[in-house]
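Student:
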Amino acid sequence: MRLKELRTAGEDRPPRLTVIVPTRNEAANIPLLLARLGPLLAPLDAELLVVDDSDDGTTGVLTRMAAEAPITVRLLHRPPHARSGGLGGAVLLGAAHARGEWVLVMDADLQHPPEAAATLARIAMRHDVDVVIGTRYAGSGSSGGLDGAFRVVTSSWTTRLVKGMFPRRLATVSDPMSGLFAFRRSAVRLDRMNPLGFKVLLELLVRHPGARVAEVAYDMAPRHGGRSKASLREGVTFLRHLARLRGRRLVGQIRRSPRTRVERLREFGRMIAFGMIGLSGMVVNTAALWLCYEPARMHHLVGAALATQVSTSWNFLLVDSLIYRRNRHGSFAARAARFFLLNNALLLLRLPVLQALVWAGVGVLVANAVTLSALFLVRFLVNDRVIYTA
Ligand code: GDD
Ligand code: MN
Numbered sequence: 002m003r004l005k006e007l008r009t010a011g012e013d014r015p016p017r018l019t020v021i022v023p024t025r026n027e028a029a030n031i032p033l034l035l036a037r038l039g040p041l042l043a044p045l046d047a048e049l050l051v052v053d054d055s056d057d058g059t060t061g062v063l064t065r066m067a068a069e070a071p072i073t074v075r076l077l078h079r080p081p082h083a084r085s086g087g088l089g090g091a092v093l094l095g096a097a098h099a100r101g102e103w104v105l106v107m108d109a110d111l112q113h114p115p116e117a118a119a120t121l122a123r124i125a126m127r128h129d130v131d132v133v134i135g136t137r138y139a140g141s142g143s144s145g146g147l148d149g150a151f152r153v154v155t156s157s158w159t160t161r162l163v164k165g166m167f168p169r170r171l172a173t174v175s176d177p178m179s180g181l182f183a184f185r186r187s188a189v190r191l192d193r194m195n196p197l198g199f200k201v202l203l204e205l206l207v208r209h210p211g212a213r214v215a216e217v218a219y220d221m222a223p224r225h226g227g228r229s230k231a232s233l234r235e236g237v238t239f240l241r242h243l244a245r246l247r248g249r250r251l252v253g254q255i256r257r258s259p260r261t262r263v264e265r266l267r268e269f270g271r272m273i274a275f276g277m278i279g280l281s282g283m284v285v286n287t288a289a290l291w292l293c294y295e296p297a298r299m300h301h302l303v304g305a306a307l308a309t310q311v312s313t314s315w316n317f318l319l320v321d322s323l324i325y326r327r328n329r330h331g332s333f334a335a336r337a338a339r340f341f342l343l344n345n346a347l348l349l350l351r352l353p354v355l356q357a358l359v360w361a362g363v364g365v366l367v368a369n370a371v372t373l374s375a376l377f378l379v380r381f382l383v384n385d386r387v388i389y390t391a
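For the sequence shown, counting from 1, position 86 maps to 87 in my numbering; every step adds exactly one.
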């Protein structure tokens with residue numbers, strides 16, 4: 002794959018800004034995109050870098066149009082065998098070839114109005130920040146241009162989901178899955194990034210926890226021509242991307258141990274307190290299970306599942322207010338959701354063991370208590386290092 006200089010404008014020195022536009026079959030949009038973007042970018046000392054994975058006439062149209070453009074236009078065309086990482090791979094490849102101090106990423110279909118992109122770039126380059134996000138979900142921004150009610154609803158709910166999964170990193174970010182954003186090239190380590198599919202910005206934010214982030218609102222427009230490349234398959238890729246991002250961090254967080262002696266002592270103290278609350282929760286759990294099992298005559302596995310909800314509520318209220326009052330992240334509901342998610346995931350592990358113990362002749366209440374105690378350390382570590390990190 003070769004970088005082609007389609008047009009060189011101005012002197013031959015690096016520009017201040019590189020605008021990366023990833024394209025996959027966007028021949029219908031290139032003329033208007035270039036016509037609107039060119040004059041806006043010229044005063045910003047910018048170059049345009051198109052990273053193309055098309056099979057239609059996109060490169061041909063671009064080559065013709067670029068000849069008239071008031072800015073430098075470069076093209077990276079990836080042949081079919083080199084299209085790894087899809088949209089994310091294309092953006093990353095573009096970033097590796099960018100020459101500007103700042104990089105702006107935008108779509109080719111005019112959903113990101115060129116005027117909004119230029120404003121964002123101007124604001125970014127004037128401030129002491131590392132990443133500037135074009136947001137649809139704050140200030141005067143809007144997602145009206147998304148095609149169809151289904152996209153509007155999924156976009157807003159997946160944004161909530163993702164913010165819930167990275168409560169600390171994304172606390173101040175309203176649109177972590179925006180496709181319109183700019184970053185200071187020196188603040189981003191490309192070798193740390195390995196995006197899968199569409200959500201390059203999310204990858205960037207999660208992999209650079211120290212980056213200084215700002216947002217600028219914009220109105221997303223409808224797609225101009227051609228068709229969206231979003232698909233069910235892309236949705237599945239997104240879920241894989243999320244699992245990879247969260248999974249690796251989760252394991253890292255659980256394994257991380259306190260550095261100094263004081264920190265170790267404090268953690269030990271919290272573990273004792275957690276254990277005492279856990280013991281009281283076990284009494285609650287056993288009593289609830291007994292009520293379900295004896296007077297109410299439920300199946301013991303159903304009883305164990307119900308009892309877990311009761312003792313989880315008990316434990317959550319105590320742990321959240323007594324041990325981790327100062328380390329809370331997110332709303333009460335979000336913290337409760339994380340706590341219940343953990344305990345119910347562990348419940349799924351406990352039930353088969355409980356059943357095996359019952360088959361082996363152990364009494365239901367004792368077997369239940371054994372499975373609860375066995376997971377004590379896991380529960381504590383996930384709480385201390387993931388749910389309530391300092
Ligand atoms: N090079 C390359 N390779 N470009 C691609 C590929 C690919 O495999 N897939 C899509 N693109 C380009 C498109 O040509 C377009 O310029 C841009 O990426 C966005 O693709 P769309 O098909 O228009 O995606 P969308 O509108 O559904 O998604 C946009 O909005 C989302 C937020 O709602 C993108 O900006 C997403 O990144 C963003 O998350
Ligand atoms: Mn689009």
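Don't be surprised by glycine CBs; every beta carbon is placed ideally from N, CA and C.
Given S157, which residues of its chain have a CB within under 8 Å of its CB, disregarding the five upstream and five downstream residues?
Tutor: Excluding positions up to five away in sequence, the list reads Y138, S144.
Student: Can you give the Cα-Cα distance for A375 and N286, rounded to whole angstroms?
Tutor: If I take the Cα positions, the gap works out to 15 Å.
Student: Taking only heavy atoms of the ligand GDD into account, decide whether any of them is closer than 6 Å to the Cβ of D57.
Tutor: Not so, every heavy atom of the ligand GDD lies at least 6 Å from the Cβ.
Student: Where F275 and S258 are concerned, what is the direct C-alpha to C-alpha distance, given to the nearest angstrom?
Tutor: Taking the straight line joining both Cα atoms gives about 17 Å.
Student: Compare the Cα-Cα distances from T160 to each of N316, A361, L203 and report the closest residue.
Tutor: For T160, the nearest C-alpha among the options comes from L203.
Student: Counting along the chain, where does the beta strand (DSSP E) carrying G135 start and finish?
Tutor: Its beta strand (DSSP E) spans residues 132-136.
Student: Per DSSP, what are the beta-bridge partners of K5 in this structure?
Tutor: The partner list for K5 (beta bridge, DSSP) reads L76.
Student: Alpha carbon to alpha carbon, what distance is there between A215 and P168?
Tutor: Their backbone Cα atoms lie some 17 Å apart in a straight line.
Student: Between the alpha carbons of P40 and T73, how many angstroms are there, rounded?
Tutor: Taking the straight line joining both Cα atoms gives about 12 Å.
Student: When the Cα atoms are used, what is the spatial distance from R256 to A368?
Tutor: About 29 Å.
Student: Collect the residues with a C-beta less than 6 Å away from any heavy atom of the ligand MN and give them in sequence order along the chain.
Tutor: Going by the Cβ distance cut-off, the answer is D108, D110, Q112, R224, S229.
Student: On the CB-based measure, 16 or more other CB atoms within 10 Å of its CB, does P80 come out buried or exposed?
Tutor: Exposed is the call here.
Student: Terminal residues of the continuous alpha helix (DSSP H) containing T287?
Tutor: Here the alpha helix (DSSP H) through T287 covers 262-294.
Student: With a cut-off of 8 Å, do at least 3 Cβ pairs link the stretch 374-388 to the stretch 347-366?
Tutor: Yes, the stretch 374-388 touches the stretch 347-366.
Student: If you reduce the DSSP assignment to three classes, tell me which class S175 lands in.
Tutor: Here S175 sits in coil by DSSP.
Student: Give a yes or no on contact between the stretch 183-201 and the stretch 144-155, applying the rule of three or more CB pairs nearer than 8 Å.
Tutor: Touching, no.
Student: Would you kindly work out how many angstroms separate the C-alpha atoms of M272 and R260, rounded to a whole number?
Tutor: Whole-angstrom Cα-Cα distance: 16 Å.
Student: Could you check if H113 is buried or exposed, using at least 16 other CB atoms within 10 Å of its CB as the buried criterion?
Tutor: Result: buried.
Student: Taking Q356 and L302 to be in contact with their CB atoms under 8 Å, please state how far apart those CB atoms are, rounded to whole angstroms.
Tutor: Q356 to L302, Cβ: 7 Å. Contact.
Student: Does the ligand GDD have a heavy atom nearer than 6 Å to the CB of L243?
Tutor: For the ligand GDD, not one heavy atom lies less than 6 Å from the Cβ of L243.
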